[in-house]
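In my numbering, the protein residues as written are 11 to 79. Everything on this sheet refers to the single structure shown next.
In structure tokens:
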């Protein structure tokens with residue numbers, strides 16, 4: 011996988027932290043691509059392209075509350 015110049019600029023603007031790490035943290039914090047994109051100050055289209063390009067897998071989990079189970 012080759013990072014785009016935009017990805018490299020993004021890393022440089024965030025103290026050299028890997029773009030993969032920044033994206034995963036944002037997805038976990040915000041819970042959606044749209045929320046993560048807002049948090050990272052980029053378009054959802056760009057974020058989705060980067061996720062695909064970097065091979066990041068997104069999984070969702072649904073759970074019942076403990077009182078129901």
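Ideal Cβ positions, reconstructed from N, Cα and C, are used throughout, including at glycine. As the structure is a prediction and not an experimental result, all values here were calculated from the model.
Under the DSSP assignment, residue 15 falls in the alpha helix (DSSP H) whose first and last residues are 15-23. Excluding residues up to 5 positions away in sequence, 36, 39 and 40 lie with their Cβ nearer than 7 Å to the Cβ of residue 49 in the same chain.
In this structure residue 33 is buried. Its beta-carbon is surrounded by 16 or more other beta-carbon atoms within 10 angstroms. By the beta-carbon neighbour count (other beta carbons within 10 angstroms, threshold 16), residue 46 is buried. Under the DSSP assignment, residue 29 falls in the alpha helix (DSSP H) whose first and last residues are 29-40.
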